[in-house]
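Peer 1:
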Amino acid sequence: MTISLNTRVTAVGPEVADLAEGGVVILFADGSPSELAEVSVLHAITAEPSAEAPVTGATISIGSLEAKITSVGASAWQKVLDIGHVVISFNGADNAERPGEICASEVDTEVLVAQLQAGANIIIRA
342 MTISLNTRVT AVGPEVADLA EGGVVILFAD GSPSELAEVS VLHAITAEPS
392 AEAPVTGATI SIGSLEAKIT SVGASAWQKV LDIGHVVISF NGADNAERPG
442 EICASEVDTE VLVAQLQAGA NIIIRA
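According to my numbering, the sequence shown holds residues 342 to 467 in order.
(1) With a threshold of 7 Å, establish whether the CB of serine 430 neighbours any heavy atom of the ligand ZN.
(2) Could you give the DSSP three-state label for serine 430: helix, strand or coil?
(3) Can you name the residues that DSSP bridges to leucine 368?
(4) Rounded to whole angstroms, what's the CA-CA distance from serine 405 to glycine 414? Just pull it up for me.
(5) Looking only at its chain, what residues have a beta carbon closer than 7 Å to the beta carbon of glutamate 442, apart from the 5 residues adjacent to it on each side?
(6) Assign proline 440 to buried or exposed, taking buried as 16 or more other Cβ atoms, counted over all protein chains shown, within 10 Å of its Cβ.
(7) If you drop the 5 nearest sequence neighbours on each side, which residues of the same chain put their C-beta closer than 6 Å to that of alanine 388?
(8) When the distance is taken between beta carbons, is alanine 352 closer than 8 Å to leucine 383?
(9) For aspartate 449, which of Asn432, Ala437, Gln458 has the nearest alpha-carbon?
(10) Let me confirm a value: serine 373 is counted as buried when at least 16 other C-beta atoms fall within 10 Å, else exposed. Which label applies?
(11) Can you check DSSP and say which residues form a bridge with threonine 400?
(12) Could you tell me the alpha carbon to alpha carbon distance between valine 401 and serine 375, rounded to whole angstroms?
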């Protein structure tokens, strides 16, 4: 098993639940500007991310929730490596609409919201 990303949630912005109910999660590394923190899941990477972007079919888990990656935008992984930022859309799309987006299979958004808690692990693995 190859781990592409292993990170721990440190804080959840007050507007995250609203976005997650729509199937969107925005990750930003700790230390992001406060206006971004309001809509973001802040995290601290616990192991160096892989240099290679995850592939379609890789698993993304947030706490106990799991989904399959369906598409990776052209610049999404570089943003993870550079600033710990990515938008994850749980929409099942075969092609990411935005270059900084990772798309994953649809999930129960109530479960997604419940898993977005400080201390939860977010892991992408193939």
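A virtual CB, placed ideally from N, CA and C, is assigned to each residue, including glycine.
Peer 2: Let me spell this out:
(1) Judged by which ligands are present, the structure shown has none, so any question about the ligand ZN falls away.
(2) In the sequence shown, the residue the question calls residue 430 occupies position 89. Strand.
(3) The residue labelled residue 368 in the question sits at position 27 within the sequence shown. According to DSSP, leucine 368 bridges with Val382, Val427.
(4) Along the sequence shown, read from residue 1 onward, the residue named residue 405 stands at position 64. Along the sequence shown, read from residue 1 onward, the residue named residue 414 stands at position 73. Those two C-alpha atoms are separated by around 25 Å.
(5) By 1-based counting over the sequence shown, the position of residue 442 is 101. Cβ within range, chain order: Gly414, Ala417, Val428, Ser430.
(6) Position 99 of the sequence shown holds residue 440. Answer is exposed; the Cβ neighbour count stays below 16.
(7) Here residue 388 refers to the residue found at position 47 of the sequence shown. Closer than 6 Å at Cβ, skipping near neighbours: Asn347.
(8) Along the sequence shown, read from residue 1 onward, the residue named residue 383 stands at position 42. Along the sequence shown, read from residue 1 onward, the residue named residue 352 stands at position 11. Their beta carbons are under 8 Å apart, which means leucine 383 touches alanine 352 by this criterion.
(9) Here residue 449 corresponds to residue number 108 of the sequence shown, with the count starting at 1. Closest option to aspartate 449, Cα to Cα, is Asn432.
(10) Taking the first residue of the sequence shown as position 1, residue 373 is located at position 32. Buried, because 16 or more other Cβ atoms sit within 10 Å of the Cβ of serine 373.
(11) Within the sequence shown, residue 400 is the residue found at index 59, counting from 1. Answer is Lys409, Arg466, bridged to threonine 400.
(12) Residue numbering aside, residue 401 sits at position 60 when the sequence shown is read from its first letter. Residue numbering aside, residue 375 sits at position 34 when the sequence shown is read from its first letter. Going by the sequence as given, residue 401 is isoleucine instead of valine. Near 26 Å, if we compare the C-alpha coordinates of serine 375 and isoleucine 401.
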